[in-house]
Each structure stands twice: as C-alpha cells, then as structure tokens.
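J.: One structure, pasted below without further comment.
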Amino acid sequence: MAAEKVTLAAEYFDKAVKSQVDGKIDAAIKHYINSLKIFPTAQTHLYLGVAYSLQGNYEKAIKECRIALTIDPECGVAYNNVGSYLLSLGKDEEAILWFEKAIACEEFEMKYEAFYNLGRIYEKKWELNSAIRCYSRALTYYPDYDEAQDSMLRLAALMN
Numbered sequence: 000m001a002a003e004k005v006t007l008a009a010e011y012f013d014k015a016v017k018s019q020v021d022g023k024i025d026a027a028i029k030h031y032i033n034s035l036k037i038f039p040t041a042q043t044h045l046y047l048g049v050a051y052s053l054q055g056n057y058e059k060a061i062k063e064c065r066i067a068l069t070i071d072p073e074c075g076v077a078y079n080n081v082g083s084y085l086l087s088l089g090k091d092e093e094a095i096l097w098f099e100k101a102i103a104c105e106e107f108e109m110k111y112e113a114f115y116n117l118g119r120i121y122e123k124k125w126e127l128n129s130a131i132r133c134y135s136r137a138l139t140y141y142p143d144y145d146e147a148q149d150s151m152l153r154l155a156a157l158m159n
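Numbering (numbering that gives the first Met the number 0), first residue to last: 0 to 159.
Put into structure tokens, the structure is as follows:
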C-alpha cells in the first residue's frame with residue numbers, strides 16, 4: 000500500500016512538472032496539491048512554492064518553502080527561494096538571513112545564486128565592497144555566471 004501511494008504521488012508530481020513547463024500553472028498547482036495529499040515531500044512543497052511564485056503569489060510560495068524546511072531542514076534551495084521571494088516583496092533585509100542560511104547548507108549546490116542575491120542587496124544599500132565580495136564568491140562557485148561577472152565589471156567601473 001505504501002509503495003502504491005508513493006507511486007501515485009510521483010505520477011501527480013510528474014504531471015505537475017509537465018504542466019508547469021507547458022505554462023499551465025493552475026493545472027500544475029492542482030497536481031502538486033494532489034501529490035501532497037497522498038505523500039508529502041519537501042521537493043513537492045518546494046515546487047508548489049515555485050508555481051505560486053510564477054503567479055506572483057510570494058506569500059504562498061514562502062509558506063510552501065517553510066513547510067519543505069520542516070520536512071528537510073537542510074534544503075538549501077528552500078532557503079534560497081524564500082530569500083528570492085522576499086526580494087520580490089521588497090523585503091531585502093529579511094532576505095539576507097535566508098540567503099545566509101542557504102549558503103550554510105552543506106549540500107546546497109547553487110550557493111552562487113545566494114551569493115549573487117546578497118550582492119544585489121548590498122549593491123542597493125551602496126555597500127559596494129560587500130557587494131563585490133559576494134559577486135566574487137558567486138564566481139568561485141560558478142565562474143561562468145554572467146550576471147555576477149557583469150555586476151563585478153559594473154561595480155569596478157563605478158569605483159574607478
């Protein structure tokens with residue numbers, strides 16, 4: 000019975016991802032919710048949060064990430080996503096903590112995104128040395144990250 004539940008939940012999850020890729024966000028949300036009713040996972044909550052964010056519903060997206068973190072407290076993507084959603088809401092100061100938590104997660108492979116977003120916050124605050132350090136750290140994780148390279152060049156030109 001448990002294996003059947005996991006399989007059915009995975010089928011709904013797969014339908015949700017396909018719907019989301021096809022731009023059918025409402026359908027994706029329904030499929031994610033159906034999957035969660037059967038077998039809740041951190042990943043499904045995380046993806047449901049992304050779907051909500053695509054609709055501009057950042058509060059719901061944050062809620063889903065927080066639920067994902069109750070299931071998997073080391074889910075660096077969830078911390079990073081909360082930070083990104085907070086940025087979209089104009090809550091830059093609150094976002095800093097979430098990006099720092101993402102960076103602290105050992106298994107988080109996209110630390111460059113969190114460092115880049117921290118750099119954006121510091122740049123907005125005109126803390127340019129801190130911004131440069133963050134962009135530089137982003138580039139140590141992902142040397143070909145165009146946005147971080149462009150930001151470094153822009154700040155270097157601004158400071159000369």
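Cβ atoms here follow ideal geometry from the backbone N, Cα and C, with glycine treated the same way.
Do three or more CB pairs link the segment 126-134 to the segment 101-112 at distances below 8 Å?
T.: With the cut-off at 8 Å, the segment 126-134 and the segment 101-112 do not touch.
J.: Rounded to whole angstroms, what is the Cα-Cα separation between K17 and A27?
T.: Those two C-alpha atoms are separated by around 8 Å.
J.: I need the straight-line Cα distance from Y46 to L138, nearest angstrom please.
T.: In a straight line, the C-alpha of Y46 is about 26 Å away from that of L138.
J.: Quick one: what's got a C-beta closer than 7 Å to K123's C-beta in the same chain, skipping five residues either side?
T.: Closer than 7 Å at the Cβ level, and outside the excluded window around K123, lie D91.
J.: Apart from the five residues on each side of it in sequence, which residues of its chain come closer than 7 Å, Cβ to Cβ, to V5?
T.: For V5, where only same-chain residues beyond five positions count, the Cβ hits under 7 Å are F38.
J.: Can you tell me whether L85 is buried or exposed? The criterion is at least 16 other CB atoms within 10 Å of its CB, across all chains shown.
T.: Classification for L85: buried.
J.: For T43, count neighbouring Cβ atoms within 10 angstroms of its own Cβ and tell me buried if that reaches 16, exposed if not.
T.: Burial call: buried.
J.: Grab me the residues of A101's own chain with a C-beta within less than 6 Å of its C-beta, minus the 5 sequence neighbours each way, in chain order.
T.: The answer, listed in chain order, is G75, Y78, N79, F107 and A113.
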